[in-house]
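Report on the following structure.
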Amino acid sequence: MEGSMETSEESGPYGAQWRDWKWQLRNRITTVNQLEKIIHLSEKEKQEISLCLQKFRMAITPYYASLMDPEDPKCPIRMQAVPTINEMHILPYELEYPLDEDRDSPVNNIVHRYPDRVLFLVTRMCSMYCRHCTRRQADCHTAICLLPFEYSHSLHKWMFHIPTDMLYVP
Ligand code: SF4
5 MEGSMETSEE
15 SGPYGAQWRD
25 WKWQLRNRIT
35 TVNQLEKIIH
45 LSEKEKQEIS
55 LCLQKFRMAI
65 TPYYASLMDP
75 EDPKCPIRMQ
85 AVPTINEMHI
95 LPYELEYPLD
105 EDRDSPVNNI
115 VHRYPDRVLF
125 LVTRMCSMYC
135 RHCTRRQADC
145 HTAICLLPFE
155 YSHSLHKWMF
165 HIPTDMLYVP
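Each residue of the sequence shown is one higher than the one before, counting from 5 in the working numbering.
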């Protein structure tokens, strides 16, 4: 269950569960209460992170959290995963979704921006949400994984959408 860290010798860095990616996903740190058990946070930081979490998601796997310096707010590993109030300062010229992939998405779940490559969006979930992510405002930080029939549906529609001379099967 996400959000409630399972703790035992098995789940510590040398335990069997530690190397299990499903265990890592289930035990992601997603709240301020969980985070403050791992790293030192001032009251101000806690308030600012809570504010930020009203707009953006946070998820940090136990493995990644174990690499963070608990005492140094400038630890680069920590800065990649822990929100700061700076994320809430959105300037007028900033784009909501800088990648603007909708423009190049002829069918759902496929982005076709460059002639010789296609991006197939099979999931909208990342194990950790990077603070610099350019996709997070585009409904991309939701826990969605495509089901097999959804892949084939999108692929089928896309193959009918593009000119046949662009189809290449190696
Ligand atoms: S899409 Fe990439 S940059 Fe964004 S949170 Fe996921 S891994 Fe990080």
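For each residue, glycine too, the CB sits at the ideal point set by N, CA and C.
message = Quick test of your reading: M83 and R32, contact by CB under 8 Å. State the CB separation rounded to the nearest angstrom.
response = Rounded to whole angstroms, the Cβ separation of M83 and R32 is 18 Å, and the two are not in contact under 8 Å.
request  = Just mark S158 as buried or exposed, buried being the case when its beta carbon has 16 or more other beta carbons within 10 Å.
outcome  = Using a 10 angstroms sphere on the CB of S158, the tally of other CB atoms reaches 16 or more, which defines it as buried.
query = Where do the ends of the beta strand (DSSP E) carrying F60 lie?
reply = Looking at the DSSP string, F60 is not in any beta strand (DSSP E), and its letter there is neither H nor E.
request  = Note down, one range per segment and in chain order, each beta strand (DSSP E) of at least 3 residues found wholly within the stretch 45–124.
outcome  = If we require 3 residues or more, the beta strand (DSSP E) runs fully inside the stretch 45–124 come out as 114–118 and 121–124.
request  = Name the one or two DSSP bridge partners that I206 has.
outcome  = Given that the chain is displayed from residue 5 to residue 174, the structure contains no residue 206 and the question cannot be resolved.
query = Thinking C-beta only, is T65 closer than 9 Å to L29?
reply = The Cβ atoms of L29 and T65 lie closer than 9 Å to each other.
inquiry  = Looking at ligand 1, does it come within less than 8 Å of T138, judged from the CB to the closest heavy atom?
reply    = Taking 8 Å as the cut-off, the C-beta of T138 counts as close to a heavy atom of ligand 1.
request  = Take R140 as the anchor and find which of A63, K48 and Y155 has the nearest alpha-carbon.
outcome  = Out of A63, K48 and Y155, the CA that lies nearest to the CA of R140 is found in A63.
key: Own chain partners of D108 with C-beta closer than 6 Å, once the 5 adjacent residues on each side are dropped   = Result list for D108: V115, H116 and R117, in chain order.
task = Can you say whether E49 is buried or exposed, counting buried as having 16 or more other CB atoms within 10 angstroms of its CB?
result = With 16 or more Cβ atoms within 10 Å of its Cβ, E49 is classed as buried.
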